[in-house]
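Q: Protein sequences appear in the order of chains A and B. Each residue of the first sequence is one higher than the last, beginning at 20 in this note's numbering. Each residue of the second sequence is one higher than the last, beginning at 3 in this note's numbering. Even glycine gets a Cβ: it sits at the ideal position worked out from N, Cα and C. Sharing a structure here in structure tokens format.
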Amino acid sequence: MTQTADNVVATHSLTKRYGQAITAVDGLDLEVHHGEVFGFLGPNGAGKTTTLRMLLGLIRPTSGSAQVVGRRPGDPAGLARIGSLVESPAFYPYLSGRENLKVVADYAGLPQVRIDAALDEVELLPRAKDRFGTYSMGIKQRLAVAAALIKEPELMILDEPTNGLDPQGVVEMRSLIRQLGSGSRTVLLSSHLLNEVEQICDRVAIIRKGKLVAQGRVDELRGQASLIVKATPSDAARQSLVQMLGQAAVSGVDGTLRLSVNPDRAADINAALVSAGIRVSELRPAERTLEEVFLSLTGEAA
Amino acid sequence: MINAFKADWRKLRQRPAVWILGGILLLALVLFGYAFQWIQLQFPAKNFHNDLGLTPAQLKVALYPVNFVKNSLEGVGILGGALSLILGALAVGSEFGWGTVKTVYTQRPSRIQALAGQLGVIGVITAIYSVAFFALAALCSWIIATIDGQAGSWPAAIDIVKAVGASWLIFGCWSLFGIALGYLFRQSAMAIGIGLAYLFVIEGILFRVLNGFDASWVSSVEKFFAGQNASALLQSFGQVFPSRAATPIVSAGEAVLVLAIYTAVFAVASALVVRARDVA
């Protein structure tokens with residue numbers, strides 16, 4: 020485990036087994052740096068929620084270790100600096116939104132004066148007097164974010180915060196997450212929404228069947244950009260490009276060629292093809308999306 | 003622990019079920035402890051018969067202030083234990099049902115501090131139940147005595163204090179049993195079902211079977227069961243008409259000691275489960 024001052028979360032060989040047969044998390048080494056928005060991706064059942072629960076001290080690891088905000092998971096001093104939303108928002112249905120936040124503030128030993136500011140931040144003040152049991156899923160999620168915010172946490176752990184939300188709720192939650200990650204706060208976000216993660220997150224980790232399969236900056240994971248070429252005659256174009264760039268750099272079918280080269284070379288390639296009498300109808304840079312990376316690494320939809 | 007106590011007090015004092023259970027206890031006291039008895043004795047049937055050979059007027063003495071401690075304990079004391087068990091099981095089981103246990107454990111207090119706060123609040127609520135129970139019993143007995151034009155002499159203050167303390171211990175012991183079962187089963191329904199089955203049935207069946215052995219060790223074993231000690235503690239305050247009474251199997255002091263040990267054991271058992279378990 021590389022526990023540096025810059026790491027807000029660091030795990031070393033973190034493992035959780037249920038009996039002999041099920042390994043939910045298998046030797047996970049994770050590093051979340053201070054101030055970044057970190058995406059935690061994986062198919063259903065990959066071990067994301069189990070990992071987050073271990074980081075919060077709700078579940079004890081079978082082996083391995085973890086440090087969260089410089090403390091062991093579940094340490095009261097550490098929990099005081101962490102805001103979290105794990106799976107569905109859970110509050111007392113007979114209490115109003117505001118009373119629920121008072122309960123949370125009491126548990127956390129926080130002054131009640133922060134409550135209205137937190138409710139305002141998630142635009143819940145008009146519904147603060149209503150019972151939690153009457154809230155829609157979107158409002159429940161926002162209350163959970165408000166509960167996390169009253170602690171003014173340096174780390175927010177959000178597990179599938181858009182689960183169960185309608186399209187409008189997803190848009191609102193996306194905006195809220197962007198807002199949460201805009202300052203110096205660290206956000207650890209588990210999500211299925213790869214497009215969202217791609218836009219919001221600085222770095223991501225991808226796990227599959229409990230094992231880490233990739234971790235790094237989003238642009239690193241997407242890999243080197245490439246060029247897409249459509250030219251006629253296509254056979255002559257392929258032959259010319261193979262001669263120019265080498266067999267390994269040229270791929271593609273049905274007249275569309277993908278060139279594994281720096282897109283800055285587009286003008287040179289165009290000139291070479293034209294001078295060889297080949298007509299170029301399309302020449303553009305192409306990047307792999309995070310979804311393509313995810314699918315190639317996990318073999319599954321998110 | 004103070005923070006956990008404040009949080010638990012805030013949520014439980016606003017929970018309707020807490021006061022509904024207390025209300026049922028008080029309603030049962032008024033109806034079964036006083037109202038129905040007074041009506042039966044005020045308007046006796048033509049063929050009224052009492053095993054003790056007492057007249058309705060003589061039996062009414064049980065309902066007057068001087069006997070309010072004995073009468074209320076005799077009448078519905080055990081119901082308070084059952085309702086307290088439900089209170090404890092609900093306080094814990096609902097946290098698992100609503101998923102709020104993870105909300106609590108991801109705030110600042112440790113699990114043991116959260117449990118300690120919870121036990122403290124349940125202690126306060128059962129104390130409120132006990133005080134309200136005897137306050138209402140006193141009020142009912144005073145009203146009846148006033149209606150009947152009887153002079154209102156009262157039990158000694160120390161007896162009233164002892165009765166409040168004894169009922170608090172019994173209510174507290176059973177509520178902690180409910181809490182321990184709630185943590186064990188991680189739900190209310192099973193905790194309440196098993197708890198009430200034990201309170202009303204299992205101990206009774208067990209001793210009916212054991213008594214069939216006609217051996218001296220049976221009575222020795224009996225002395226260590228919670229239900230038997232709770233009954234003995236209630237009986238230790240005496241009965242208005244002694245021939246109704248069964249002889250307590252242990253003294254009041256022994257019953258208090260055993261119930262206090264049970265209360266501590268339930269608290270420690272809860273703490274062990276709380277510390278050891280993952281929150282899924």
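How far does the beta strand (DSSP E) with Gly58/A in it extend, from its first residue to its last?
A: Taking the first sequence and counting its residues from 1, the one referred to as residue 58/A is at position 39. Start and end: 56-60.
Q: Determine the DSSP secondary structure at Ile247/A, reduced to helix, strand or coil.
A: Taking the first residue of the first sequence as position 1, residue 247/A is located at position 228. If DSSP states are grouped into helix, strand and coil, Ile247/A belongs with the strands.
Q: Quick check on the burial criterion: 16 or more other C-beta atoms within 10 angstroms. Buried or exposed for Pro18/B?
A: If you number the second sequence from 1, residue 18/B lands on position 16. Counting Cβ neighbours within 10 Å, Pro18/B comes out exposed, since fewer than 16 surround it.
Q: Flag Ser112/B as yes if its beta-carbon sits less than 8 Å from any beta-carbon of chain A, otherwise no.
A: Locating residue 112/B in the second sequence gives position 110, where the first residue counts as 1. Closer than 8 Å: yes.
Q: Please list the segments of the beta strand (DSSP E) lying wholly inside the segment 118-186 of chain A, counting only runs of 3 or more residues, in order along the chain.
A: Taking only runs of at least 3 residues, the beta strand (DSSP E) segments lying wholly in the segment 118-186 of chain A are 174-178.
Q: So with Cβ pairs under 8 Å, would you call Gln22/A a contact of chain B?
A: By 1-based counting over the first sequence, the position of residue 22/A is 3. Below a pLDDT of 50, predicted positions are generally treated as unreliable, and Gln22/A, at 48, falls in that range; the measurement from the model is reported next regardless. Output row for Gln22/A: interface = no.
Q: Using 8 Å as the limit for Cβ to Cβ distance, is Gln292/B near chain A?
A: What is shown of chain B runs 3 to 282, which leaves residue 292/B out entirely.
Q: Contact check, Gly197/B vs Leu87/B under 8 Å by CB: the rounded distance?
A: Position 195 of the second sequence, counted from the first residue, corresponds to residue 197/B. Position 85 of the second sequence, counted from the first residue, corresponds to residue 87/B. With a Cβ gap of about 5 Å, Gly197/B and Leu87/B count as contacting.
Q: Quick check: the Cα distance between Ala93/B and Tyr113/A, rounded to an integer number of angstroms?
A: For the purposes of this step, residue 93/B is taken as residue 91 along the second sequence, with counting starting at 1. For the purposes of this step, residue 113/A is taken as residue 94 along the first sequence, with counting starting at 1. Cα to Cα, Ala93/B sits roughly 13 Å from Tyr113/A.
Q: Over the uninterrupted beta strand (DSSP E) stretch that includes Asp45/A, give me the two end residues.
A: Locating residue 45/A in the first sequence gives position 26, where the first residue counts as 1. Its beta strand (DSSP E) spans residues 41-47.
Q: Determine whether the beta carbon atoms of Leu28/B and Phe135/B lie at a separation below 8 Å.
A: Counted from its first residue, the second sequence places residue 28/B at position 26. Counted from its first residue, the second sequence places residue 135/B at position 133. Yes; because the gap between Cβ atoms is below 8 Å, this pair is in contact.
Q: Locate the alpha helix (DSSP H) running through Pro157/B, then write down its first and last residues.
A: Taking the second sequence and counting its residues from 1, the one referred to as residue 157/B is at position 155. Per DSSP, Pro157/B belongs to no alpha helix (DSSP H) and is neither H nor E.
Q: For chain B, find out if any of its Cβ atoms is closer than 8 Å to the Cβ of Pro92/A; answer yes or no.
A: One-based indexing of the first sequence puts residue 92/A at position 73. Not closer than 8 Å to any Cβ of chain B, the Cβ of Pro92/A fails to qualify, so no.
Q: What residue does the beta strand (DSSP E) around Val281/B start on, and which one ends it?
A: Taking the first residue of the second sequence as 1, we reach residue 281/B at position 279. First-last for Val281/B: undefined, no H or E at that position.
Q: For Ala281/B and Leu77/A, which I take to be in contact (beta-carbon distance under 8 Å), what is that distance rounded to the nearest angstrom?
A: As a working note, residue 281/B is residue 279 in the second sequence. As a working note, residue 77/A is residue 58 in the first sequence. Rather than Ala, the amino acid found at residue 281/B in this sequence is Val. Indeed, because the Cβ distance is near 4 Å, the residues count as touching under 8 Å.
Q: Have a look at Gln262/A and Ser315/A and give me their C-alpha separation to the nearest angstrom.
A: For the purposes of this step, residue 262/A is identified with residue 243 of the first sequence, where counting begins at 1. For the purposes of this step, residue 315/A is identified with residue 296 of the first sequence, where counting begins at 1. Going from the Cα of Gln262/A to the Cα of Ser315/A covers about 29 Å.
Q: Using the DSSP secondary-structure output, state which residues sit across from His51/B in a beta bridge.
A: Taking the first residue of the second sequence as position 1, residue 51/B is located at position 49. Paired residue(s): none; His51/B is not in a bridge.
Q: DSSP three-state call for Ser177/B: helix, strand or coil?
A: Translated into positions along the second sequence, residue 177/B becomes position 175. DSSP places Ser177/B in helix when its eight states are reduced to three.
Q: Whose Cβ in chain B lies nearer than 7 Å to the Cβ of Phe110/A?
A: Counted from its first residue, the first sequence places residue 110/A at position 91. In chain order: Thr102, Thr105.
Q: Lys35/A lies in the alpha helix (DSSP H); which residues open and close that run?
A: On the first sequence, residue 35/A is found 16 positions in, with the first residue counted as 1. Note, Lys35/A: premise wrong, no alpha helix (DSSP H); beta strand (DSSP E) at 26-37.
Q: Let me know if Asp185/A comes out buried or exposed under the rule of 16 or more other beta-carbons within 10 Å of its beta-carbon.
A: Position 166 of the first sequence, counted from the start, is the residue given in the question as residue 185/A. It counts as exposed.
Q: So, is Val164/A buried or exposed, given that buried needs 16 or more other C-beta atoms within 10 angstroms?
A: If you number the first sequence from 1, residue 164/A lands on position 145. Classification for Val164/A: buried.
Q: Using 8 Å for Cβ pairs, my map puts Gly58/A next to Val223/A. What's the rounded Cβ distance?
A: Taking the first sequence and counting its residues from 1, one reaches residue 58/A at position 39. Taking the first sequence and counting its residues from 1, one reaches residue 223/A at position 204. Confirmed, Cβ separation roughly 4 Å.
Q: Taking C-beta pairs closer than 8 Å, name the residues in chain A that Val94/B reaches, listed in chain order.
A: Working through the second sequence from its first residue, we reach residue 94/B at position 92. By Cβ distance, chain A contributes nothing, its closest Cβ being about 14 Å from Val94/B, past 8 Å.
Q: Could you tell me which residues DSSP puts in a beta bridge with Ser270/A?
A: Position 251 of the first sequence, counted from the start, is the residue given in the question as residue 270/A. For Ser270/A, which the question treats as bridged, DSSP gives the partners Arg277/A.
Q: What are the residues in the segment 16-40 of chain B lying within 9 Å of chain D by C-beta distance?
A: Protein chains in the displayed structure are A and B, and chain D is not among them.
Q: Per DSSP, what kind of secondary structure is Pro200/A in: helix, strand or coil?
A: By one-based count along the first sequence, residue 200/A stands at place 181. The amino acid at residue 200/A is misidentified as Pro; the sequence shows Gly. Gly200/A falls in the coil class under three-state DSSP.
Q: Ordered along the chain, which non-local residues of its own chain (more than five positions away) have a Cβ less than 6 Å from that of Gln22/A?
A: Taking the first sequence and counting its residues from 1, the one referred to as residue 22/A is at position 3. Unreliable positioning characterises Gln22/A in this predicted model, as indicated by a pLDDT of 48, which lies under 50. The coordinate reading is nonetheless provided below. Correct list, in chain order: Ala29, Gln86.
Q: Using a C-beta cutoff of 8 Å, does Val260/B count as contacting chain A?
A: Your numbering for residue 260/B matches position 258 in the second sequence. Answer no: the Cβ-Cβ gap between Val260/B and chain A never drops below 8 Å.
Q: At a Cβ threshold of 8 Å, is Ala191/B touching chain A?
A: By one-based count along the second sequence, residue 191/B stands at place 189. So no, Ala191/B is outside the interface.
Q: Is Val280/A near Gln109/B, with beta carbons less than 8 Å apart?
A: By 1-based counting over the first sequence, the position of residue 280/A is 261. By 1-based counting over the second sequence, the position of residue 109/B is 107. It is not a contact, given that the beta carbons lie outside the stated cut-off.
Q: Does any residue of chain B have a CB that is nearer than 8 Å to the CB of Gly89/A?
A: For this step, residue 89/A is matched to residue 70 along the first sequence. Chain B, which has no Cβ nearer than 8 Å to the Cβ of Gly89/A, makes this no.
Q: Given Gln131/A, which residues of its chain have a CB within under 8 Å of its CB, disregarding the five upstream and five downstream residues?
A: The sequence position of residue 131/A within the first sequence is 112, counting from 1. For Gln131/A, where only same-chain residues beyond five positions count, the Cβ hits under 8 Å are Lys121, Ala124.
Q: With a 10 Å radius around its C-beta and 16 neighbouring C-beta atoms as the bar for buried, classify Ile181/B as buried or exposed.
A: The sequence position of residue 181/B within the second sequence is 179, counting from 1. Under this definition Ile181/B is a buried residue.
Q: In three-state DSSP terms, what is Ile226/A?
A: As a working mapping, residue 226/A is identified with position 207 in the first sequence. Ile226/A falls in the strand class under three-state DSSP.
Q: What are the residues in the segment 120-141 of chain A lying within 9 Å of chain B by C-beta distance?
A: If the cut-off is 9 Å between Cβ atoms, the segment 120-141 of chain A has Lys121, Val122, Val123, Ala124, Asp125, Tyr126, Ala127, Gly128, Leu129 near chain B.
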